[in-house]
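Data block below; observations after.
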Amino acid sequence: MTLNNKTKDNIIKSAVQLVQKKGYSETSIQEIVKQSKAPQGSIYYYFPKGKDEIICAALDKISDEFSKTFAKKSKKCKDPEAVLRLLVDLFVNKEEKYGTPSFRITLLALETVGQAKTVADKASEMLRNWKSSLAEELEKVGVHLAYSLNIARWFCITLQGAICSAAIKDNTTFKGTMEHSIQLLSLSNDEQLEKIFKKSDLEN
Numbered sequence: 002m003t004l005n006n007k008t009k010d011n012i013i014k015s016a017v018q019l020v021q022k023k024g025y026s027e028t029s030i031q032e033i034v035k036q037s038k039a040p041q042g043s044i045y046y047y048f049p050k051g052k053d054e055i056i057c058a059a060l061d062k063i064s065d066e067f068s069k070t071f072a073k074k075s076k077k078c079k080d081p082e083a084v085l086r087l088l089v090d091l092f093v094n095k096e097e098k099y100g101t102p103s104f105r106i107t108l109l110a111l112e113t114v115g116q117a118k119t120v121a122d123k124a125s126e127m128l129r130n131w132k133s134s135l136a137e138e139l140e141k142v143g144v145h146l147a148y149s150l151n152i153a154r155w156f157c158i159t160l161q162g163a164i165c166s167a168a169i170k171d172n173t174t175f176k177g178t179m180e181h182s183i184q185l186l187s188l189s190n191d192e193q194l195e196k197i198f199k200k201s202d203l204e205n
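Quick note: the sequence shown uses our numbering, first residue 2, plus one each step.
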């Protein structure tokens, strides 16, 4: 059996596609092998811990892809509203690509809490990192450091909740909910934002 980095990359790419579309339980090693066209033995050569190790590698790839794209495109944003719309658009684009509510990381975390702790921990870490990234970009366009992270946490929690709701209802519509959230923030002045978010105790 000839093994190379391309084989490993194909395994991870296939896992990325499957886990975003089907979730953890419905993504099997057999499906990953079939889609990646990788030799069966290569799975355990590259990922000796099996499925959970593959899924964690896939989540790392998803997170890296998101972070790079968001950082690059946010350079063109001039105000908080543009930053928030960019974030939502990234999720919508994923929806169009995979045909399912995209970046369903909260659902993945909930699904794996009792059965795959390493995957659940990885998903939770991703969510924290995305909130931090959003907070940093909001600060760059004028949102005060004192409450930028709490705004980012609230917005990401709302976004993930909208995505979960869309998945439960078996549809891919969540952009309208997020547009209302963006408008709510846009209509609030600095004093109002500080009053609402500065002393907020939102969890990571």
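Every residue gets a Cβ at the ideal spot worked out from N, C-alpha and C, and that includes glycine. Everything numeric in this text was worked out from a predicted model, so none of it was measured.
Where residue i falls: helix, strand or coil (DSSP)
i	result
T3	Bear in mind that the predicted position of T3 carries a pLDDT of just 49, short of 50, making it unreliable; the figure below should be weighed with that in mind. Reduced to three states, the DSSP call for T3 is coil.
C165	helix
K132	helix
E27	coil
L188	coil
D80	coil
K196	helix
F92	helix
Q116	coil
G177	helix
A72	helix
A153	helix
G42	helix
Beta-carbon proximity check, residue i vs residue j, cutoff 8 Å
i	j	result
F175	I158	no
L128	I152	no
V84	Y25	no
K7	Y47	no
D53	A117	yes
M179	L160	yes
Span separating the alpha-carbon of residue i from that of residue j
i	j	result
M2	N11	Because the pLDDT at M2 is just 44, under 50, the model does not fix this residue reliably, and the point stays unresolved.
Q193	S182	15 Å
G177	P40	44 Å
W131	S68	8 Å
F65	E126	Correcting the residue identity first, residue 65 is Asp in this sequence and not Phe. The alpha-carbon atoms of D65 and E126 are separated by roughly 12 Å.
I13	K62	8 Å
S187	R86	11 Å
F92	A124	16 Å
S134	L185	21 Å
V20	I30	11 Å
E1	A16	A question about residue 1 goes unanswered here, because the residues of the chain that appear run from 2 up to 205.
Quick check: the segment 125-145 against the segment 76-93, are at least 3 beta-carbon pairs closer than 8 Å? yes
Contact the segment 144-153 vs the segment 51-61: 3+ CB pairs below 8 Å: no
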